[in-house]
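Visitor: Each residue of the sequence shown is one higher than the one before, starting from 9 at the first, in this note's numbering.
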Amino acid sequence: MGPYRADLVETYWRWEQDPALLVGYGRQAPESLEARTEGMAHQLRGENIRFTIYDLTSGNPVPSGVATLLPDHSVRTAEYVIMLGPEARGRGLGTQATRLALDYAFHITNLRMVWLKVLAPNAAGVRAYQKAGFRVAGTLREAGYWLGQVCDEIIMDVLAKDRSGPSVIVPMLPE
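As structure tokens, this is what we get:
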């Protein structure tokens, strides 16, 4: 993962127009590149923590998605949102990026909990989040839409104290 970059706005925008992503987010309308560019300027100035996800399998870093933490500093929590380009899906990159984002959230940002919402029919998303350490915390009944049908939204969370697995950050710190 690396910094969120203004020079990739067209790439981010292309991913956001993908029908599978629109369905997964429950969005109903595409966005113009002009509106996305304007939004990018606002995002770069904001307090949210955004990363570009890179695929390193070819040896060269290839932008493949975006991971975002939307912190609520007053309670030391954050909502997590991830977006993967079509070419990056189904290969474990989302799970790896989510683990890295959680590592950052708990060891750099010092959050105590990260949560997310996922549409219930998005079984692949739910599995990826569970592999990364999230647990189901509850359900918002009929809170979303999937392919034109009303569906539930699942709320998942992970606590810093429950986080297991290797950290990329901790070994970098002096003892």
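Virtual Cβ for every residue (Gly too), placed ideally from N, Cα, C.
Note that the structure is a prediction, hence the values are computed from the model and not measured.
Do the segment 47 to 62 and the segment 123 to 136 meet, that is, are 3 or more Cβ pairs less than 8 Å apart?
Guide: Because the criterion of three Cβ pairs below 8 Å is not met, the segment 47 to 62 and the segment 123 to 136 do not touch.
Visitor: Got a sec? Which residues, its chain only, sit under 6 Å from residue 136 by beta carbon, not counting five neighbours each side?
Guide: Cβ neighbours of residue 136 beyond the five flanking positions: 102, 103.
Visitor: In whole angstroms, what separates the C-alpha of residue 75 from that of residue 155?
Guide: The alpha-carbon atoms of residue 75 and residue 155 are separated by roughly 24 Å.
Visitor: Indicate the three-state DSSP secondary structure (helix, strand or coil) for residue 26 in the structure shown.
Guide: Three-state DSSP puts residue 26 in coil, outside helix and strand.
Visitor: According to the neighbour-count rule (16 or more other Cβ atoms, all chains shown, within 10 Å of its Cβ), is residue 164 buried or exposed?
Guide: Under this definition residue 164 is a buried residue.
Visitor: Identify the continuous beta strand (DSSP E) that holds residue 166 and give its terminal residues.
Guide: Counting along the chain, the beta strand (DSSP E) containing residue 166 begins and ends at 157 to 167.
Visitor: Mind checking if residue 166 is an interface residue toward chain C, Cβ cutoff 9 Å exclusive?
Guide: The structure shown contains no chain C, having only a single protein chain.
Visitor: Would you mind giving the Cβ-Cβ distance between residue 94 and residue 26, rounded to the nearest angstrom? I have them listed as a contact below 8 Å.
Guide: With 8 Å as the limit, residue 94 and residue 26 qualify as a contact, their Cβ atoms being about 5 Å apart.
Visitor: Leaving out five residues on either side along the sequence, give the residues of the same chain with a beta carbon under 6 Å from the beta carbon of residue 152.
Guide: The residues are 34, 127, 159, 161.
Visitor: Got a sec, what are the start and stop residues for the alpha helix (DSSP H) residue 12 sits in?
Guide: Where residue 12 is concerned, there is no enclosing alpha helix (DSSP H), given that its DSSP letter is neither H nor E.
Visitor: Quick check on residue 176: does DSSP put it in helix, strand or coil?
Guide: Here residue 176 sits in coil by DSSP.
Visitor: Give the DSSP-derived three-state secondary structure of residue 134 in the structure shown.
Guide: If DSSP states are grouped into helix, strand and coil, residue 134 belongs with the helices.
Visitor: In whole angstroms, what separates the C-alpha of residue 176 from that of residue 105?
Guide: Approximately 12 Å, taken between the alpha carbons.
Visitor: Report buried or exposed for residue 82, applying the criterion of at least 16 other Cβ atoms within 10 angstroms of its Cβ.
Guide: By the 10 Å Cβ count, residue 82 comes out exposed.
Visitor: For a quick check, are the C-beta atoms of residue 41 and residue 18 less than 9 Å apart?
Guide: In contact: residue 41 and residue 18 (Cβ atoms closer than 9 Å).
Visitor: When the Cα atoms are used, what is the spatial distance from residue 96 to residue 73?
Guide: Looking at the two C-alpha atoms, the distance is approximately 8 Å.
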